[in-house]
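Residue numbers (mature numbering (1 follows the signal peptide of the UniProt record, and there is no 0)): -18 to -1, 1 to 472.
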């Protein structure tokens, strides 16, 4: 129907253009009035057939659809152009602000980079300063070792000369004969090198190896291989001898030890070391030979089944004894089988910072070994912070006997036991500290001392006694050192 209306409208247009339109009125066959409007075609002499009319109508419909599609396409392009113009307008309006923000971001990045560079520069300067200090300390240590070496060389040379002189010479003759000596004995006073008496005397003159001279105690008495206790009261502590230095920050403080009663497969030379800086301390470095320990090449690394705390561990009869972290439990760990053989809670003992030594480090429970066996040094609330000593059974860790002293644990820097006597160190940082107290478990009495003790590196976190070597082992600010000592004769 719309197509027919369109066709009539076209005809009307054409008719108006040609000025030949006609309107007629007549009744149809049924008697109804019918109006007829006709327009002459300017191009056609006669009306087309019905099929041609339909074709023309379809052409007009196609043209109308094409025009409608073109119109929609034009609308779409116009909308796109409007969007682009709007975006360009917004960009032009926001341009200066966006540029400023970008510049500010770049400036902030440059400032952060400058701060990082300055921080790195400060760290490098601090590292360089530390290296200079370490270099100075090493040069001082080198100078001291050179002096010690020269002194030992002089002593060795003097000893060699004395031995040579005694070999060459005869025993001196008496310069004068006492008036009360019978005349017949004057000839006997002259030594005859061929007599039996001289041969016996000569047999006692033997050459002493230099290694034996160096291993003698400061008092001059060689140590017995059988481990003769040689107990007495501490009267002298020598200068510290540095054996090696820890490599990393975890070695700021720690503990190192040798077994005074080694069990197979370990020997007197086997050394153990634990770096105790950290929150989960489990590694125990084992060195079969002293040379491996000095060079820092462990032969084995134990990983403990439970973490330990602080610097109070010891090795005794093939087992490592240590305090479990954040507890008052002492554990016996057999090194050869790598198993826990016993554990015991120390009744009432303070732990994890309740009663430490003056330097801190959670040193509430400190194990020790002397000629008489295994000990534990601690304190309790009942003792009001005073040092308590307990003798432990090395197999079961049962407490065999306990002593309460009048020495406040937090007022001393460290403690160790020699021949059943407790000794304390006055300071962990002062270069010229002292062994300031002694407590005798035999008499139950304590007394003040003033035995000099050197903290060469000014941070001694561990001091233990080795009854086999008759030395103090210490850990002083990354450095593992030993001290010779002298005991009074009983």
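Just so it is clear, CB atoms sit at the ideal spot from N, CA and C, and this is done for glycine as well. Quantities reported herein were computed from a predicted structural model and do not represent experimental measurements.
CB contact check: residue i to chain C, cutoff 9 angstroms
{"i": "residue 420", "result": "Any reference to chain C falls outside this structure, which holds one protein chain only."}
Distance CB(residue i)-CB(residue j) smaller than 9 angstroms
{"i": "residue 352", "j": "residue 402", "result": "yes"}
{"i": "residue 305", "j": "residue 297", "result": "no"}
{"i": "residue 307", "j": "residue 350", "result": "no"}
{"i": "residue 232", "j": "residue 266", "result": "no"}
{"i": "residue 326", "j": "residue 379", "result": "yes"}
{"i": "residue 274", "j": "residue 253", "result": "yes"}
{"i": "residue 406", "j": "residue 369", "result": "yes"}
{"i": "residue 221", "j": "residue 438", "result": "yes"}
{"i": "residue 362", "j": "residue 342", "result": "no"}
{"i": "residue 393", "j": "residue 435", "result": "no"}
{"i": "residue 242", "j": "residue 450", "result": "yes"}
{"i": "residue 441", "j": "residue 458", "result": "yes"}
According to DSSP, residues forming a beta bridge with residue i
{"i": "residue 436", "result": "414"}
{"i": "residue 419", "result": "406, 430"}
{"i": "residue 238", "result": "255"}
{"i": "residue 304", "result": "313"}
{"i": "residue 263", "result": "290"}
{"i": "residue 468", "result": "218"}
{"i": "residue 448", "result": "453"}
{"i": "residue 284", "result": "266"}
{"i": "residue 16", "result": "8"}
{"i": "residue 226", "result": "462"}
{"i": "residue 298", "result": "301"}
{"i": "residue 352", "result": "355"}
{"i": "residue 321", "result": "316"}
{"i": "residue 327", "result": "311"}
{"i": "residue 142", "result": "Per DSSP, none; premise fails for residue 142."}
{"i": "residue 442", "result": "458"}
Cβ distance (whole Å) where residue i is taken to contact residue j below 8 angstroms
{"i": "residue 286", "j": "residue 315", "result": "6 angstroms"}
{"i": "residue 400", "j": "residue 216", "result": "6 angstroms"}
{"i": "residue 245", "j": "residue 300", "result": "3 angstroms"}
{"i": "residue 452", "j": "residue 467", "result": "7 angstroms"}
{"i": "residue 125", "j": "residue 460", "result": "About 20 angstroms; that fails the 8 angstroms criterion."}
{"i": "residue 219", "j": "residue 417", "result": "7 angstroms"}
{"i": "residue 235", "j": "residue 340", "result": "Going by Cβ atoms, the distance from residue 235 to residue 340 rounds to 14 angstroms, so no, they are not a contact pair."}
{"i": "residue 338", "j": "residue 355", "result": "Contact flag wrong, Cβ pair sits at about 24 angstroms."}
{"i": "residue 276", "j": "residue 317", "result": "Going by Cβ atoms, the distance from residue 276 to residue 317 rounds to 21 angstroms, so no, they are not a contact pair."}
{"i": "residue 391", "j": "residue 367", "result": "6 angstroms"}
{"i": "residue 475", "j": "residue 229", "result": "Residue 475 lies beyond the range of the chain shown here (-18 to 472); nothing can be said about it."}
Neighbourhood of residue i by C-beta, 7 angstroms cutoff - its chain only, sequence neighbours within 5 removed
{"i": "residue 455", "result": "238, 239, 446, 448, 464"}
{"i": "residue 223", "result": "463, 464"}
{"i": "residue 270", "result": "252, 281"}
{"i": "residue 309", "result": "333"}
{"i": "residue 264", "result": "285, 286, 289"}
{"i": "residue 90", "result": "none"}
6 angstroms CB neighbourhood of residue i in its chain, flanking five on each side removed
{"i": "residue 335", "result": "344"}
{"i": "residue 385", "result": "371, 423"}
{"i": "residue 421", "result": "387, 404, 428"}
{"i": "residue 192", "result": "Summary for residue 192: the model assigns pLDDT 37, below 50, so the residue's position carries little reliability, and this model does not support an answer."}
{"i": "residue 113", "result": "none"}
Spatial neighbours of residue i in its chain, beta-carbon cut-off 8 angstroms, leaving aside the 5 residues before and after
{"i": "residue 471", "result": "214"}
{"i": "residue 357", "result": "349, 350, 351, 371, 372, 373, 374, 399"}
{"i": "residue 72", "result": "none"}
{"i": "residue 161", "result": "Since pLDDT at residue 161 reaches only 42, below the 50 mark, its modelled position is unreliable, and no value is offered."}
{"i": "residue 365", "result": "386"}
{"i": "residue 17", "result": "5, 6, 7"}
| field | In chain order, each beta strand (DSSP E) run of at least 3 residues that lies wholly inside the stretch 360 to 414 | value | 368 to 374, 381 to 390, 396 to 400, 403 to 407
| said: Quick check on the DSSP output: what are the complete alpha helix (DSSP H) runs of length 4 or more inside the stretch 68 to 136, in order along the chain? | reply: none
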